[in-house]
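Trainee: The numbering used here applies: residue 58 is where the sequence shown begins, and numbers increase by one.
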Amino acid sequence: MEKGLQKPRTGMILCKFIPPHLGHQYLVDLARSYVDSLIVLVCSIQSEPITGDFRYHWMRRIFADVNVVHVTDENPQEPKDHADFWQIWYESIRRVLPTGPDYVFASENYRWQLAKILRASYIPVDHARSLVPISGTQVRQNPLANWHYIPPYFVRRVCIFGVEYTGK
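(1) Determine the contact status of VAL182 and LEU79, defining contact as a CB-CB distance below 8 Å.
(2) Excluding the five sequence neighbours on either side, which residues of its own chain have a C-beta within less than 8 Å of the C-beta of SER101, listed in chain order?
(3) My assumption, with CB atoms under 8 Å, is that TYR160 sits in contact with ALA177. Please give the rounded CB distance.
(4) Kindly indicate the opening and closing residues of the beta strand (DSSP E) around LEU98.
(5) Is VAL220 buried or exposed, if buried means 16 or more other CB atoms sit within 10 Å of its CB?
(6) Between the C-alpha atoms of VAL97 and TYR222, what's the straight-line distance to the nearest angstrom?
(7) What did DSSP end up calling ALA163 once you bin it into helix, strand or coil?
(8) For a minimum of 4 consecutive residues, which ranges assigned as the alpha helix (DSSP H) are wholly contained in the region 138-205?
(9) List the residues that DSSP assigns as beta-bridge partners of ILE70.
(10) Taking the straight line between their C-alpha atoms, what separation do you get for ARG89 and ILE217?
(11) Quick one, are the C-beta atoms of ASN199 and ILE191 less than 8 Å apart?
(12) I'd like the list of long-range same chain contacts for TYR167, defined as Cβ closer than 8 Å, with 5 residues on each side in sequence excluded.
(13) Helix, strand or coil for VAL85? Go by DSSP, reduced to three states.
(14) Quick one: measure Cβ to Cβ for SER94 and PRO76, integer angstroms, because I've assumed they're closer than 8 Å.
(15) If you run the structure through DSSP and keep just helix, strand and coil, what is HIS78?
Structure follows, in structure tokens:
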């Protein structure tokens, strides 16, 4: 490599995005400002309440300038679920990202282990959720109370129905 030229820095985010919210927006915005190329892995399994395909297309619309990839492997969801948890995830990631990344960005503390097995640097992002105090679990538990954390691709619609001439 010529003197003065640096290798482009690549970053990765791995998440479920059930549903995408402003905390995810912050995570992606920070990551893409830090690297030259960012890949976002939308991971899904069949039993989730919002289909992976739906979330993948949401993320593609929201982040059109980012490489968004859908990972559909039925992997264990937490390290305690399987003795080979990290190896299983390593193999899934390598199928879609054969080399790199240089950085793994995440809001979960245990993701440093993912960075380690990928030989990447771990960049923790708002672990305490103090900058954007929301999680996907909170949104799913009470979407209306947390509506202000949901990006504007969701719309509220009300359907009023009844018999004719009742003053609907």
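Beta carbons: idealized from backbone N, C-alpha and C, even for Gly. All values reported here derive from a predicted model rather than from experimental measurement.
Mentor: Inspection of the coordinates gives the following:
(1) In the sequence shown, residue 182 corresponds to position 125, counting from 1. In the sequence shown, residue 79 corresponds to position 22, counting from 1. With contacts defined by Cβ atoms closer than 8 Å, VAL182 and LEU79 do not form a contacting pair.
(2) Within the sequence shown, residue 101 is the residue found at index 44, counting from 1. The answer, listed in chain order, is LYS73, THR108, GLY109, ASP110, ARG112, TYR113, HIS127, VAL128, THR129.
(3) Taking the first residue of the sequence shown as 1, we reach residue 160 at position 103. Taking the first residue of the sequence shown as 1, we reach residue 177 at position 120. Between ALA177 and TYR160 the Cβ distance is about 6 Å, and since that is below 8 Å, they are a contact.
(4) As a working mapping, residue 98 is identified with position 41 in the sequence shown. Taken as a continuous stretch (DSSP letters only), the beta strand (DSSP E) holding LEU98 covers 94-100.
(5) As a working note, residue 220 is residue 163 in the sequence shown. Per the 10 Å Cβ criterion, exposed.
(6) Start at 1 with the first residue of the sequence shown, and residue 97 comes out as number 40. Start at 1 with the first residue of the sequence shown, and residue 222 comes out as number 165. Using only the alpha carbons, I get a separation of about 51 Å.
(7) Taking the first residue of the sequence shown as position 1, residue 163 is located at position 106. Three-state result, ALA163: strand.
(8) Counting only runs of 4 or more, we get 142-153, 168-174, 193-198.
(9) If you number the sequence shown from 1, residue 70 lands on position 13. The bridge partners DSSP lists for ILE70 are VAL97.
(10) Taking the first residue of the sequence shown as position 1, residue 89 is located at position 32. Taking the first residue of the sequence shown as position 1, residue 217 is located at position 160. Rounded to the nearest angstrom, the two C-alpha atoms are 43 Å apart.
(11) The residue labelled residue 199 in the question sits at position 142 within the sequence shown. The residue labelled residue 191 in the question sits at position 134 within the sequence shown. Not in contact: ASN199 and ILE191 (Cβ atoms no closer than 8 Å).
(12) Counted from its first residue, the sequence shown places residue 167 at position 110. The residues are PRO136.
(13) Numbered from 1 along the sequence shown, position 28 holds the residue referred to as residue 85. If DSSP states are grouped into helix, strand and coil, VAL85 belongs with the helices.
(14) Mapped onto the sequence shown, residue 94 falls at position 37. Mapped onto the sequence shown, residue 76 falls at position 19. The pair is not a contact, with the Cβ atoms about 25 Å apart (cut-off 8 Å).
(15) Here the question's residue 78 lines up with position 21 in the sequence shown. Per DSSP, reduced to three states, the secondary structure at HIS78 is coil, with no helix or strand assignment.
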